[in-house]
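**Student:** Please see the structure below; I have some questions.
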Amino acid sequence: MDATEKINVLLVEDDDAATALIEETLSGIGYRVSCAQDGVTGFDMAQAGNYDILIVDRMLPKRDGLTMVQQLRAAGQNAPVLFLSALGEVEDRVAGLRAGGDDYLVKPYAISELTARLEALARRQAGKNETSLTLADLSVDLVARTVMRAGEPIDMQPREFVLLEYLLRNQGQIVTRRMLLENVWNYQFDPQTNVIDVHISRLRAKIDRDFTSPLLHTIRGAGYMMRAEDG
Amino acid sequence: MARERSLFQTSAFRGALVYLVLFLAVTGATLGFLYNEMARALSRSGDALIWQEAAIVSRLHATQGLDTLKDFVTARGDAGGEVVYFLADGLGARLAGNLSAFPAPDETSRTSDDWITFNVPLDSALNKTDALPVRGRVIVLDNDLALLVARDIEPERAQLLTMARMFGSAMLVLVLIGLAGSVFMARRALARVDIISDSLQDIMQGRFETRVTLTGRGDEMTLLADRLNDMTTRIKKLMSAMREVTDNIAHDLRTPLNRLRGQLENTRVQISKTDISGTAAEAMGDQLTQSIHDIDMLLENFAAILSLSRLESGAVARSDVEVDLAMVVADIAELYEPVVQDTGARLDVLVHGKSACVSGERTLISQAIANLLENALKYGATGENIGLELSRRQAPDGVFYDIAVRDCGPGIAAADRERAMARFVRLEPSRHLPGSGIGLSLVQAIAQVHGGGLVLSGNLPHGLVATLSVSAGKR
Chain G
1171 MDATEKINVL LVEDDDAATA LIEETLSGIG YRVSCAQDGV TGFDMAQAGN
1221 YDILIVDRML PKRDGLTMVQ QLRAAGQNAP VLFLSALGEV EDRVAGLRAG
1271 GDDYLVKPYA ISELTARLEA LARRQAGKNE TSLTLADLSV DLVARTVMRA
1321 GEPIDMQPRE FVLLEYLLRN QGQIVTRRML LENVWNYQFD PQTNVIDVHI
1371 SRLRAKIDRD FTSPLLHTIR GAGYMMRAED G
Chain E
3 MARERSLFQT SAFRGALVYL VLFLAVTGAT LGFLYNEMAR ALSRSGDALI
53 WQEAAIVSRL HATQGLDTLK DFVTARGDAG GEVVYFLADG LGARLAGNLS
103 AFPAPDETSR TSDDWITFNV PLDSALNKTD ALPVRGRVIV LDNDLALLVA
153 RDIEPERAQL LTMARMFGSA MLVLVLIGLA GSVFMARRAL ARVDIISDSL
203 QDIMQGRFET RVTLTGRGDE MTLLADRLND MTTRIKKLMS AMREVTDNIA
253 HDLRTPLNRL RGQLENTRVQ ISKTDISGTA AEAMGDQLTQ SIHDIDMLLE
303 NFAAILSLSR LESGAVARSD VEVDLAMVVA DIAELYEPVV QDTGARLDVL
353 VHGKSACVSG ERTLISQAIA NLLENALKYG ATGENIGLEL SRRQAPDGVF
403 YDIAVRDCGP GIAAADRERA MARFVRLEPS RHLPGSGIGL SLVQAIAQVH
453 GGGLVLSGNL PHGLVATLSV SAGKR
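From first to last, the protein sequence lines stand for chains G and E.
Note that this note's numbering has the first sequence beginning at 1171, numbered continuously upward.
Note that this note's numbering has the second sequence beginning at 3, numbered continuously upward.
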């Protein structure tokens, strides 16, 4: 990532160790991280500073995360919010998204899961109303719902199309299995079997098998990424 | 509907009915006795008149002779009283009297003490427009002479009839009032029981703020309702304590584990960055990956236990969102179909009907079906088809949607099926496979939250059918 356009992140979390870990990881991959320890400080800092993304723990001293985000939204703050929480029931997620959160990550999470979601949130602002997505010689027409690679049409099932669209929208970034399950299939549970891998290999067979340079890559221990070989 | 039928089954109605029958029996016996006494009294006073007449005639015959007697009888008959006379000789021929002929024996009825009752025909000397019922007796004056004296008993009969009608109407009114009273009492009792029953149902669904509110004085039902409310308050306290404990566990135990996981992950990143090269670094990295994986398994089981506890305790408030099970089944089938196909088998999906709307939680139901499908993949025979079927079932206690997952594996012995659904139970042949023994418990808890259940049965010729049912009703 270019150093001149560092992404500003505000982390509101009361657990020192978790804060240190997130701060270190995010700084390592080029984010500028500011921290707040409680809901009141978090609110003030979010209002004063110009942050691109807020990471908010739900259980905070002084003012809980949900209330803080609700108040920020009411005050016109529209930076994307990622909730962190140990509460992972469906109702908890719904409460988080209703309060104005853009994503909801349940503890425990892999740090790579957190970074992948942050990347997705940071890029989401741009390019929401595109009518087509391209990567190297692969192009997807979002209106006609057709896929072409090297000028050849590729036949897609509806769900495969959604999967490809999601991967392409996040091209160049790691997309985790959990993100795919949540955003492509709209499920919030972790299957024990490798369902996502099987769907990915089907998709790969369609878009990569007959071509020399693969576009859909497996990132070991993290997830998948769409990118051109030399990108 | 069901309640109308059960009205007659309430103890209040039955009790009132038994009381009513008893009361009617006693009242009926009393009125019957009264009627009988009245009839006898009336008949006695009439009969006294006949005896009086007989005494006069006997005396007249003894002292004055037959001719005077004839004149007397004729005079008495013509006097127009409601008394019938018939004086006959030894052969039965008429000598005097206002009756034209002696009634035929088959037209008369005779009591054991020689009283006879018969109808005087219209053509008799009496100027009556109707056949007249009379009662009297034959007085033998000597060997050649007998006199029949009988009196009109129509007024007496009419009187008794009126009385019988009065008594009958009284009984009818009693029956009607009694029945209406029984229904009223039963309705009232049932309405209050319904209030209690509805409230309890609400409470069982997890709405612990529900209270039983009965209108009325401090009777036994309101006392019971008060006790139930106290119990609910206590349960609610226990529930929130339990929820607090699980939430605290979630926070206080999972957070440090999460932190530990993060530290391991960070170390792994550090190792990959440092210049330690070759197999040593790779081995360390692999060990860290394995440790992280182990922590993940631990945390995952932990999360499953927590959500199971919350489901079983009813602490999960079910949102009343309309979910089409046909869509849920189609979506989850679409997710798992490639996995099944990769094993060289087919996922046979069969959905009966166009839609199957219930109120429920899509994610929970999807997770339950996913668990069953994963079990079928894990324990079923590799390469054998897996069946997924949605059907509607009408049961005595409502309409249910059944979602059945069939595999052709070794199945579960009938004796072990119940046990297989209990927490942490892992059956023998598969004990060594990875898993927590909580999957089926979770499916069962999810089904129960949706008013249904989980049933395990055998597939033919072998294998397991796991049927998850979801209530179609609002409640």
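From the three backbone atoms N, C-alpha and C, an ideal C-beta is built for every residue, glycine too.
1) May I have a chain-ordered list of the beta strand (DSSP E) segments no shorter than 3 residues that lie completely inside the stretch 1355-1399 of chain G?
2) Can you give me the Cβ contacts of L22 of chain E inside the same chain, cut-off strictly under 6 Å, excluding the 5 residues immediately before and after it?
3) Mind pulling the chain E residues with CB within less than 7 Å of K1277 of chain G?
4) Taking only beta-carbon positions, decide if R477 of chain E is within less than 8 Å of chain G.
5) Note down the Cα distance separating R270 of chain E from E339 of chain E, rounded to an integer number of angstroms.
6) Indicate the three-state DSSP secondary structure (helix, strand or coil) for A1245 of chain G in the structure shown.
7) Taking the alpha-carbon positions, what's the M3 of chain E to A14 of chain E distance?
8) Rounded to whole angstroms, what's the CA-CA distance from N1160 of chain G to D288 of chain E? Just pull it up for me.
9) Which of the three DSSP states, helix, strand or coil, is assigned to R219 of chain E?
10) So, helix, strand or coil for R167 of chain E, using DSSP?
11) Using only alpha-carbon positions, find the residue among G:D1262, G:S1197, G:E1194, G:L1224 that is nearest to A1206 of chain G.
12) For chain G, check one thing: does any of its Cβ atoms lie closer than 8 Å to the Cβ of G439 of chain E?
13) From this set, G:G1198, G:T1189, G:Y1201, G:Q1247, which residue's C-alpha is nearest D1214 of chain G's C-alpha?
14) If we ignore side chains and look at the alpha-carbon of each, how far apart do V1226 of chain G and E222 of chain E end up?
15) The beta strand (DSSP E) with T345 of chain E in it runs from where to where?
16) Could you check if L456 of chain E belongs to the surroundings of the ligand NAP, using beta carbon to heavy atom distance under 7 Å?
17) Under 8 Å, CB to CB, which of the residues in the stretch 281-293 of chain E have a partner in chain G?
18) Using DSSP with H/G/I as helix, E/B as strand and the rest coil, what is Q292 of chain E?
19) Only counting the same chain, and skipping five residues up and downstream in sequence, which positions put a Cβ closer than 6 Å to that of P1250 of chain G?
20) Go to Q369 of chain E, then tell me how far its alpha helix (DSSP H) extends in each direction, as first and last residue.
21) Mind checking who T1304 of chain G pairs with in its DSSP beta bridge?
22) Nearest CA to the CA of A372 of chain E: which residue from E:R394, E:L44, E:I414, E:Q446?
23) So, at 7 Å on beta carbons, what are the nonlocal neighbours of A283 of chain E in its own chain, with the 5 sequence-adjacent residues on each side left out?
24) Would you give the residue range spanned by the alpha helix (DSSP H) that F1213 of chain G belongs to?
25) Who are the neighbours of T365 of chain E on chain G, taking C-beta pairs under 8 Å?
26) In chain G, what lies closer than 9 Å to Q446 of chain E by C-beta?
27) What in chain E is Cβ-close to I1281 of chain G, meaning under 9 Å?
28) Which ranges does the beta strand (DSSP E) cover as unbroken runs of at least 3 residues, wholly within the stretch 1250-1284 of chain G, from first to last along the chain?
29) Could you tell me whether the Cβ atoms of L1275 of chain G and L1252 of chain G are closer together than 8 Å?
30) Quick one, are the C-beta atoms of G92 of chain E and D146 of chain E less than 8 Å apart?
31) Closest Cβ-Cβ distance between A243 of chain E and chain G: below 8 Å?
32) Measure how close the beta-carbons of V467 of chain E and R408 of chain E come, nearest whole angstrom, since I'm counting them as under 8 Å.
33) Alpha carbon to alpha carbon, how far is M1318 of chain G from S1309 of chain G? Give it in angstroms, no decimals.
34) Please tell me whether L1191 of chain G has its Cβ less than 8 Å away from any Cβ of chain E.
35) Could you check what DSSP says for F74 of chain E in three-state terms: helix, strand or coil?
36) Of the residues G:T1363, G:A1269, G:R1243, G:L1333, which one's Cα is nearest the Cα of K380 of chain E?
**Tutor:** So, to answer that:
1) 1386-1389, 1393-1396
2) Hits under 6 Å: G180.
3) R256, T257, N260
4) For R477 of chain E, the predicted model reports a pLDDT of 41, less than 50, meaning its position is unreliable; a value from the coordinates is still stated below. Answer no: the Cβ-Cβ gap between R477 of chain E and chain G never drops below 8 Å.
5) 36 Å
6) coil
7) The pLDDT assigned to M3 of chain E is 37, lower than 50, so where the model puts this residue is not dependable; a value taken from the coordinates is nonetheless given after this. Going by C-alpha positions, M3 of chain E is about 19 Å away from A14 of chain E.
8) This structure cannot speak to residue 1160 of chain G, because chain G is shown only from 1171 to 1401.
9) coil
10) helix
11) G:L1224
12) no
13) G:Q1247
14) 54 Å
15) Looking at the DSSP string, T345 of chain E is not in any beta strand (DSSP E), and its letter there is neither H nor E.
16) Within the structure as shown, the ligand NAP is missing, as the structure has no ligands at all.
17) T291
18) Note: Q292 of chain E maps to helix in three-state DSSP.
19) I1223, D1272, L1291
20) 364-381
21) G:S1309
22) For A372 of chain E, the nearest C-alpha among the options comes from E:Q446.
23) I273
24) Here the alpha helix (DSSP H) through F1213 of chain G covers 1209-1218.
25) V1260, Y1357, Q1358, F1359
26) In chain order: nothing, as chain G lies at least about 16 Å away.
27) R263, G264, E267, N268, V271
28) 1251-1255, 1273-1276
29) It is a contact, given that the beta carbons lie within the stated cut-off.
30) yes
31) no
32) 5 Å
33) Between S1309 of chain G and M1318 of chain G, the C-alpha separation is close to 5 Å.
34) yes
35) In this structure, DSSP gives F74 of chain E a helical state, which the three-state scheme calls helix.
36) G:T1363
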